[in-house]
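Reviewing the structure listed below.
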Amino acid sequence: DEPAIERISYSLVNDSFDSIVGRLPEGFKPTCYWDSQAEHGHPQPMGLSHAPFPTIAGICHVYHSPAIKRLLEVFDYVLPVGSAFDEYLAVSRSKVMRVPFGLNWASLERLFDQEVGTKDIDVSVTFSESDAPAYGDLRNQVVRKMEELKTKWADRFDVVIEGGLSKEDYLRLLQRSKISINVVGFNGPYNYRTCEIMNAGTLLFQANVQSHAVEPNPNELFEEGENFVSFDVENLEEKLLDLLSDDERISRIAQSATKKLEKDFNYRNLYTELFQKLEQAENASSEKLENTTEPPGNQLGDFHLAAFLWEQTQKKD
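The sequence shown begins at 1357 in this note's numbering and counts up by one.
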């Protein structure tokens, strides 16, 4: 409601970070420059490598390795989505900082503004088969396995398999489900669906992709058996049937996860943690802006930013 400047537009090829900072409101002293998924096709302004305050990049899609190597030469700090990737990102100019989820996301409790009366669906699968390398073939295997189980147990359980839903239909399906299945890719031990399922008051039944000698720890933030249940393709049916035989256990695990996510990992708590760690690392970084004289242009830093754009494996345009 304040009559203040909310956003600044800039030209990727004509503006520098210095000129952008010069257009900030008078008296506004930034704590940091923050990008929640810097490696995911996000253009960065020229001159970012010598910004007068700390720069921080959340790194989620680790398989964009050539692009990430460029960003490690530009940003002051990087936040991996999981601790399994710390050693792979601690190889250049950037320093690794630990904040849950790499602060790519946090608790998504505000998604669910309407309650659903009853959980009348036993198990839901809200994704389709995918050829994305990050999932290996695991996502496809799980979908096919669940299609078999849906037919096999049709007389006992209501299993819904639907991908590509609208936001409203997707959220409602999660809320109506007792259990919802998730497959996490090579990116790390969690994804958005992890939090969405938990916040729906639904039991998270999750499998993790492990490859290239990287083994993300699924218990890094949540406890197996207390906040979620893990599975692999071989034991999927056995574990699922065991869960479906105990509605009280399903409810207990689901409620435990919802409370933990909303209490410990809400946005306010995670950003507070980021700012605290940043202040410790920067030794009162809030003074950095007014005490820093403008350094000469860093042409190598700008080269890394330019190379980053064409090293992305995104859409051709």
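From the three backbone atoms N, C-alpha and C, an ideal C-beta is built for every residue, glycine too. Note that the coordinates shown come from a computational prediction; the quantities given were computed from them, not determined experimentally.
If you compare the alpha carbons of 1430, 1637, 1441 with that of residue 1456, the shortest gap goes to 1441. Comparing alpha carbon positions, the residue from 1594, 1578, 1587, 1437 closest to residue 1609 is 1578. Bridge pairing for residue 1415: 1436 [DSSP].
The shortest C-alpha to C-alpha distance from residue 1666 to any of 1366, 1363, 1420 is the one to 1420. Closest by C-alpha distance to residue 1459, out of 1413, 1473, 1661, 1426, is 1413. Note: residue 1536 is bridge-paired with 1480, 1560 in the DSSP secondary-structure output. If you ignore the 5 residues before and after residue 1547, its C-beta comes within less than 6 Å of the C-beta of 1540, all in its own chain and listed in chain order. Setting aside the 5 residues that flank it on each side, residue 1483 is surrounded in the same chain by 1519, each with a C-beta closer than 6 Å to its C-beta; the list follows chain order. In the three-state DSSP reduction, residue 1384 falls in the coil class, being neither helix nor strand. Residue range 1442 to 1445 is occupied by the alpha helix (DSSP H) that includes residue 1444. Fully enclosed beta strand (DSSP E) runs of no fewer than 3 residues occupy 1477 to 1481, 1515 to 1517 of the region 1468 to 1535, in order along the chain.
Residue burial annotation: residue 1480 is buried, with at least 16 other C-beta atoms found within 10 angstroms of its C-beta. Of the candidates 1543, 1503, 1476, the residue whose Cα lies closest to the Cα of residue 1534 is 1476. The Cβ atoms of residue 1416 and residue 1396 lie closer than 8 Å to each other.
Boundaries of the beta strand (DSSP E) around residue 1391: 1389 to 1391. Note on geometry: alpha-carbon atoms of residue 1445 and residue 1452 lie some 7 Å from one another.
Counted as a single uninterrupted DSSP element, the alpha helix (DSSP H) harbouring residue 1374 occupies residues 1373 to 1378.
According to DSSP, residue 1580 shares a beta bridge with 1584. The C-beta distance from residue 1410 to residue 1433 rounds to 6 Å, short enough to fall under 8 Å. Where residue 1636 is concerned, the enclosing alpha helix (DSSP H) starts and stops at 1623 to 1638. Contact fails between the region 1507 to 1518 and the region 1568 to 1578, because fewer than three Cβ pairs, one in each stretch, are under 8 Å apart. The alpha-carbon separation between residue 1506 and residue 1388 amounts to approximately 50 Å.
Shown here, residue 1402 sits in a strand according to DSSP, grouped into three states. Going by C-alpha positions, residue 1597 is about 16 Å away from residue 1558. When the Cα atoms are used, residue 1498 and residue 1589 turn out to be separated by approximately 6 Å. With respect to residue 1562, residue 1542 sits apart: the two C-beta atoms are not nearer than 8 Å.
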